[in-house]
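Worksheet: one structure, shown below.
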Amino acid sequence: MESIFEKLTQLTQTEYLILTICFSIIIFFMTIYSLNKEKKKLSKTVDSNVKVFQKTCDISENATMILSAKNEVLYANDSMIRLMQFNNNFLSKKLDTIAEIKVKKDWVVLDTLIKECCIDSDDTALSYPKSHLKLSEGDEIPITFHMDNILMSNFDEEICHVVTIEDLSKEIERSNSHFRHQLTNLPNQLQANKDLPAFFSKAHLEKNKLALMLMHLDNYSMLRSIIGYEQANDVLKKFARHLETVGVNLNISVYHTFDNHFLLTVTNLHSMDEAKTFVEDIQTRLATFYKMEDVNLHLTVSTGIAIYPDSGSIRKLLDYTYRALAKAEQEGDGKIHIFIPEESDSNYDELRLHNDMQGALNNGDFEVYYQPIIQVENREIVAAEALIRWKHAQYGMIPPDMFISLMEKTGFIIKLGQYVLEEVLKQQKRWELFKFKQIEISINVSMIEINTGEFVQHVERKLGEHQINPKLLKFEITEGTAMINESETVRYFLALKRLGVGISLDDFGTGYTSFGYLKKFPADNLKIDKSLVDYILTNEEDQRIVKGIIELAHTLGMQVVVEGIENKKMVDMIASYGCDYMQGYHFAKPLPVFEFQKLLR
Ligand code: C2E
Ligand code: CA
Ligand code: CA
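According to this note's numbering, the sequence shown holds residues -12 to 588 in order.
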């Protein structure tokens, strides 16, 4: 250390000057080096920030591009490349596109629009919300157009244009979906509400007939519980597509209003009959389009129709359609009902009936009537059918056809069924105590009651409670509903049979039971539907069908009841077919217990 100082003191002035200069140069370069390093670091940060922004633009759904003052494309993100259909080497080239933007009512070519905007440099931003972009012939996209002028320092203080185009088609699609049914994509109730006034006024002004048809798939909730949510949805989708194809060549609009309800408007209708035929065609084709392995599903639709002007005022046309549908449902599955004006004064108000049900049960307004069943062989009363009646304080006697389907919908049928069973068992006990002839009583039971899963146990408990021989009890179940889910029904029927009670397949001939399924059914009786008997004296086809069913039932070891026998000629004809039992007004109408038991004596 000492020697360096000694050496420095010994240096000449020139040597000392040279050394100082060298030293300064070294320090200068070191400073430059460190400054450069800092600058590089800074530019790296700026670079990475730019990259982040660029990436953000790249992935943005909004189409963005930057143009130089000479209209050269300096940057375009992926959305813009796609939208403008730029080819690979568009960068630094003049904007070259046939795209046009709608400005008020006129179409303006995109680069003209940009150039015009730059001439007026005060106008730094330009915006056309809810405009349109046209790329090729007829191809219009709803957009929002936005353009801004910015000063770019690294482009010699040049003004550049930032153009963004927001594609609104998806958003419009989303808001349109508000007016479509999620499942089937058909226009929904909201759309129907929007469209109907136009249909109405057109029909009114042009003095044309307008039909509103409200359709629903029968037993849909039951179907859903059997085949599951997904498959039931598929059925609805297929039905929707089916309705759409039906409407292709006609003036028909189809709406999926809710759940299993579809509304159709038909504007070029000529007659009531035409409306009916139209629905019948749908029905026939519908019957063939759904088949499942172990569920022999026979799909039907109930339809309510109201026609302007035949059904009445246009203001109430939709209401009338709903009323007609309710009527169709009451008539059974697959029925069509056209609203006729007198029905508006109908005595029965469904809502009123619905409200009155529980009270009626508590007040004892329901009464079980009995209709005798006659053995053909000896013409003796061997059984009876229990038929419910409602003595309504306001409406008087209401027949079950007016309220059973309503009760099935509301679930009240379960309570009513329990009431009928209780009444019948009590009555059996009284007849036993008072030494009346002991006969079997048939009770009508709805699939809704059986599907509760507690029906069989309930019957077993009640038989025990009242100490009644199970052989004196039979349950009648409509063929159509029993066949919706055969395997399940067979299971319940077998459980009932194990209790010792009888089973009768009611309204036989209206459903679509195949021979194969019938064989598996543990039913004791078939009850041929009244509709097959009504015209039997003159209709040869009905004669053949009834004869055929009787033979078939006997082959399968079942006995046959024919109901709806109204005169002696019918008795003779049907007896000649080998029928086992008969029931009908010819023998007796359903009677209150007091009158019925006179017949038993
Ligand atoms: P259903 O089981 O087919 O009953 C036979 C219907 O035909 C009864 O009508 C009976 O009065 C009627 N009838 C019998 N013989 C003749 C005849 O010779 N000519 C004519 N024109 N009609 C005849 P009702 O009592 O009005 O019952 C209608 C339907 O209501 C029944 O049809 C049944 O499905 C249902 N129902 C009645 N009571 C009950 C019940 O307690 N529970 C359930 N779930 N349904 C019931
Ligand atoms: Ca019956
Ligand atoms: Ca019947």
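Beta carbons: idealized from backbone N, C-alpha and C, even for Gly. Please read all numbers here as calculations on a predicted model, not as lab measurements.
Short check: CB of residue i to CB of residue j, under 8 Å?
i, j, result
"glycine 299", "proline 328", "yes"
"tyrosine 568", "valine 363", "yes"
"histidine 119", "asparagine 136", "no"
"leucine 286", "alanine 227", "no"
"serine 433", "glutamate 463", "no"
"proline 387", "leucine 586", "no"
"asparagine 238", "leucine 204", "no"
"arginine 376", "tyrosine 406", "no"
"threonine 497", "serine 518", "yes"
"isoleucine 101", "leucine 54", "yes"
"leucine 513", "lysine 556", "no"
"tyrosine 382", "isoleucine 437", "no"
Under the three-state reduction of DSSP, which class applies to residue i: helix, strand or coil?
i, result
"leucine 543", "coil"
"glycine 535", "helix"
"alanine 592", "Missing from the structure shown is residue 592; the chain here goes from -12 to 588 and no further."
"glycine 451", "helix"
"aspartate 516", "coil"
"methionine 202", "strand"
"cysteine 104", "helix"
"serine 331", "Unreliable positioning characterises serine 331 in this predicted model, as indicated by a pLDDT of 48, which lies under 50. The coordinate reading is nonetheless provided below. Helix, per DSSP."
"lysine 396", "helix"
"serine 621", "Outside the shown range of the chain, which is -12 to 588, sits residue 621, and nothing can be said about it."
"glycine 467", "helix"
"phenylalanine 589", "Nothing about residue 589 can be read from this structure; the chain reaches only from -12 to 588."
"glutamate 441", "coil"
"glycine 44", "In the sequence on display, residue 44 carries cysteine and not glycine. In the structure shown, cysteine 44 sits in a helix (DSSP, three-state: H, G or I)."
"leucine 250", "strand"
"arginine 588", "coil"
"glycine 215", "coil"
"phenylalanine 245", "strand"
"leucine 120", "strand"
"glutamate 127", "strand"
"phenylalanine 326", "coil"
"tyrosine 382", "coil"
"histidine 148", "strand"
"tyrosine 479", "helix"
Identify which residue in the options has its Cα closest to the Cα of residue i.
i, options, result
"lysine 424", "Lys507, His445, Phe583", "Phe583"
"isoleucine 207", "Thr1, Met52, Val222", "Reading off the sequence shown, one finds tyrosine at residue 207, where the question assumed isoleucine. Nearest option by C-alpha distance: Val222."
"leucine 492", "Gly535, Val548, Arg478", "Val548"
"phenylalanine 186", "Pro296, Ser212, Tyr115", "Pro296"
"aspartate 516", "Thr51, Arg366, Gly319, Leu197", "Gly319"
"arginine 485", "Val443, Asn180, Leu519, Glu538", "Val443"
"alanine 373", "Glu193, Lys181, Glu409, Leu505", "Glu409"
"glycine 398", "Met209, Glu193, Gln169", "Met209"
"leucine 403", "Gly351, Ala371, Leu450, Glu367", "Gly351"
"aspartate 182", "Asp83, Leu251, Lys413, Ile375", "Leu251"
"arginine 589", "Met134, Asn49, Met17, Ile435", "The structure shown does not extend to residue 589, since the chain is modelled only from -12 to 588, so the question has no answer here."
"proline 116", "Leu155, Thr84, Val96, Val95", "Leu155"
"leucine 539", "Ala482, Glu550, Gly503, Met557", "Gly503"
"glutamate 553", "Gly571, Lys91, Cys566", "Gly571"
"serine 240", "Ala198, Thr465, Glu193, Phe77", "Ala198"
Any heavy atom of ligand 3 inside 7 Å of the beta-carbon of residue i?
i, result
"glutamate 553", "no"
"glutamate 409", "no"
"glutamate 550", "yes"
"aspartate 516", "yes"
"aspartate 320", "no"
"aspartate 494", "yes"
Please confirm whether any heavy atom of ligand 1 lies closer than 7 Å to the CB of residue i.
i, result
"glycine 467", "no"
"glutamine 317", "no"
"alanine 562", "no"
"proline 129", "no"
"serine 433", "yes"
"proline 577", "yes"
"proline 386", "yes"
When DSSP builds the beta bridges, which residues end up paired with residue i?
i, result
"lysine 263", "Paired residue(s): none; lysine 263 is not in a bridge."
"glutamine 362", "Glu367, Tyr568"
"serine 563", "Serine 563 is not bridged to any residue."
Are there any heavy atoms of ligand 4 lying less than 7 Å away from the beta-carbon of residue i, as far as the coordinates show?
i, result
"aspartate 529", "With respect to ligand 4, the structure offers nothing, as its ligand set consists of ligand 1, ligand 2 and ligand 3."
Answer yes or no: the CB of residue i versus the heavy atoms of ligand 2, is any distance below 7 Å?
i, result
"asparagine 512", "no"
"glutamate 354", "no"
"glutamate 372", "yes"
"glutamate 463", "yes"
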